[in-house]
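Taking it in order: structure first as structure tokens, then the write-up.
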Amino acid sequence: MPRNLVVMILDSCRYDSFIRAKAKNFRRLGEVEQRWSYASWTAPSHYSYLMGLVPHRSPQHVYASEVYKKDFSSWVDRLDIPDLGFNKFIPQLSLAKVLSDHGYICRAKVSMPVLNGFTLLNKFFADYKLMSNHNDFAGMVKEIEFTGDKPYFYFLNLGETHYPYMLDGSKMPHISGVHGAVKQLAASGDGGGRIAKEDEFFDSDALRELHEQQIRCVDYVDEVFGTLIDKAPPDTYFVVMADHGEAFGEGGYFGHGPVMHEKVFEVPFVEGLRPS
Ligand SMILES: [Zn+2]
């Protein structure tokens, strides 16, 4: 039977947040790499991942379009299915379609409403669910099963690392600075099109605290990931990454999306077979 596949996207998780977290379970998969997202926000980034792409390495001195083809062909090694080359992705360009054709049961569980099942993204999945709570990776893990004689493909979008970083109803400590930062953002809209200087636009202490909170969220998710490792059969392949990063005041930006800044495209990437 082919390997199971679990693709996990830690929404908005910065590369440096991942690196600064202990993330002891994620690190059991392999070396955490610095990579680059194809998009600066959730929907187009997930679309590119659902095509079968992963964050790129931004290689130099190569013809860029050749990089895609190689990326698609990486599934041959990941899943140990020799005929899973680029040509198998044509014409639908959908990982779920290719894996369904290989007998996989394809299930998606997403946290961000922008990825809901009425969008184009759910195509070719046997089951596609928007979780009722943004921060419910633990609930996803409970629902995940590997029963029967068919391999599974789970596509998971996690909201815990997305702003406001599990501040509501979670076991995380309340961070008072968040609301200060948001208030300052609102107050800076003076309607005159004035571009605020970084210092007056942001409360840098609050942004630093938000960054720290994202790091804590990585470790929370990592802890839950430990239970998923325990639950998964030995022949399960994991791909863990972010859809984009987040600006915490760099260049005068907070957030992601309509932001052209390196920190919004820089993402963590780690993959590997289920650690024993
Ligand atoms: Zn996102």
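Position 84 (the sequence shown) corresponds to 84 in this note's numbering; numbering is contiguous.
The beta-carbon is built from N, C-alpha and C at its ideal position, and this holds for glycine as well.
Nothing here was measured: the structure is a model prediction, and the numbers come from that model.
Span separating the alpha-carbon of residue i from that of residue j
{"i": "glycine 272", "j": "isoleucine 19", "result": "17 angstroms"}
{"i": "methionine 140", "j": "proline 2", "result": "23 angstroms"}
{"i": "histidine 134", "j": "arginine 14", "result": "18 angstroms"}
{"i": "serine 73", "j": "aspartate 80", "result": "11 angstroms"}
{"i": "glutamate 143", "j": "proline 164", "result": "25 angstroms"}
{"i": "serine 40", "j": "histidine 261", "result": "9 angstroms"}
{"i": "lysine 243", "j": "histidine 46", "result": "Checking the displayed sequence, the identity of residue 243 turns out to be aspartate instead of lysine. Each residue's Cα considered, the two are about 7 angstroms apart."}
{"i": "proline 113", "j": "phenylalanine 155", "result": "15 angstroms"}
{"i": "histidine 256", "j": "asparagine 157", "result": "17 angstroms"}
{"i": "alanine 64", "j": "proline 55", "result": "14 angstroms"}
{"i": "lysine 150", "j": "phenylalanine 265", "result": "36 angstroms"}
{"i": "alanine 187", "j": "cysteine 217", "result": "Below a pLDDT of 50, predicted positions are generally treated as unreliable, and alanine 187, at 44, falls in that range; the measurement from the model is reported next regardless. Taking the straight line from one Cα to the other gives about 28 angstroms."}
{"i": "proline 258", "j": "threonine 147", "result": "42 angstroms"}
{"i": "proline 268", "j": "glycine 103", "result": "30 angstroms"}
{"i": "lysine 263", "j": "phenylalanine 86", "result": "30 angstroms"}
{"i": "valine 22", "j": "aspartate 235", "result": "According to the sequence shown, residue 22 is lysine rather than valine. Computed Cα separation, rounded: 25 angstroms."}
{"i": "valine 178", "j": "glutamate 160", "result": "Annotation note: pLDDT 47 at valine 178 (below 50); position unreliable, coordinate value reported separately. Cα to Cα, the separation comes out at about 16 angstroms."}
{"i": "valine 6", "j": "alanine 126", "result": "15 angstroms"}
{"i": "methionine 8", "j": "glutamine 214", "result": "17 angstroms"}
{"i": "aspartate 222", "j": "leucine 228", "result": "10 angstroms"}
{"i": "leucine 130", "j": "alanine 138", "result": "14 angstroms"}
{"i": "arginine 274", "j": "leucine 29", "result": "7 angstroms"}
Residue i versus the options, residue with shortest Cα-Cα distance
{"i": "serine 276", "options": "Asn25, Val7, Ser12", "result": "Asn25"}
{"i": "valine 240", "options": "Pro2, Ser37, Met1", "result": "Ser37"}
{"i": "alanine 108", "options": "Glu66, Asn87, Leu50", "result": "Leu50"}
{"i": "arginine 35", "options": "Ser58, Arg28, Pro44", "result": "Ser58"}
{"i": "aspartate 203", "options": "Phe248, Lys150, Tyr68", "result": "Phe248"}
{"i": "leucine 53", "options": "Glu66, Thr227, Gly103", "result": "Glu66"}
{"i": "histidine 162", "options": "Ala96, Glu246, Glu250", "result": "Glu246"}
{"i": "leucine 93", "options": "Asp71, Phe137, Val110", "result": "Asp71"}
{"i": "phenylalanine 124", "options": "Gly30, Cys106, Asp230", "result": "Cys106"}
{"i": "serine 12", "options": "Phe118, Leu210, Asn87", "result": "Leu210"}
{"i": "tyrosine 128", "options": "Phe137, Asn116, Ile229", "result": "Asn116"}
{"i": "leucine 282", "options": "Phe137, Leu84, Ser111", "result": "As displayed, the chain neither begins before 1 nor continues past 276, which places residue 282 out of reach and without an answer."}
{"i": "threonine 119", "options": "Phe254, Asn4, Thr42, Glu160", "result": "Thr42"}
{"i": "serine 48", "options": "Leu95, Val110, Ser17, Glu223", "result": "Leu95"}
{"i": "leucine 207", "options": "Gly252, Val32, Asp101", "result": "Gly252"}
{"i": "serine 111", "options": "Ser17, Asp136, Val6, Asp16", "result": "Asp136"}
{"i": "valine 76", "options": "Val32, Tyr237, Leu121", "result": "Tyr237"}
{"i": "aspartate 16", "options": "Ala138, Glu33, Asp101, Gln60", "result": "Glu33"}
{"i": "leucine 121", "options": "Arg78, Pro44, Met131", "result": "Pro44"}
{"i": "lysine 69", "options": "Gln60, Phe89, Pro82, His61", "result": "Phe89"}
{"i": "lysine 231", "options": "Glu145, Val270, Phe254, Tyr152", "result": "Glu145"}
{"i": "lysine 97", "options": "Tyr152, Ala138, Pro233", "result": "Tyr152"}
{"i": "methionine 166", "options": "Asp205, Leu130, Asp219", "result": "Asp219"}
{"i": "valine 270", "options": "Asp205, Arg78, Val62", "result": "Arg78"}
{"i": "glycine 226", "options": "Arg27, Asn4, Leu10", "result": "Arg27"}
Opposing strand residues paired with residue i [DSSP bridges]
{"i": "alanine 108", "result": "Tyr128, Phe155"}
{"i": "valine 270", "result": "Val240"}
{"i": "phenylalanine 248", "result": "Phe254"}
{"i": "valine 221", "result": "Bridge partners of valine 221: none, in fact."}
Reduced DSSP secondary structure (H/G/I, E/B, other) of residue i
{"i": "leucine 84", "result": "coil"}
{"i": "leucine 29", "result": "coil"}
{"i": "serine 7", "result": "Here the sequence assigns valine to residue 7, which means serine is not the residue at that position. Reduced to three states, the DSSP call for valine 7 is strand."}
{"i": "leucine 93", "result": "coil"}
{"i": "alanine 23", "result": "coil"}
{"i": "asparagine 122", "result": "helix"}
{"i": "tyrosine 15", "result": "helix"}
{"i": "methionine 166", "result": "coil"}
{"i": "glycine 117", "result": "coil"}
{"i": "valine 141", "result": "helix"}
{"i": "serine 276", "result": "coil"}
{"i": "phenylalanine 202", "result": "coil"}
{"i": "phenylalanine 146", "result": "coil"}
Let me know the alpha helix (DSSP H) ranges lying completely inside the region 33-68, each 4 residues or longer, listed in chain order. DSSP runs (the alpha helix (DSSP H)) wholly in the region 33-68: 42-51.
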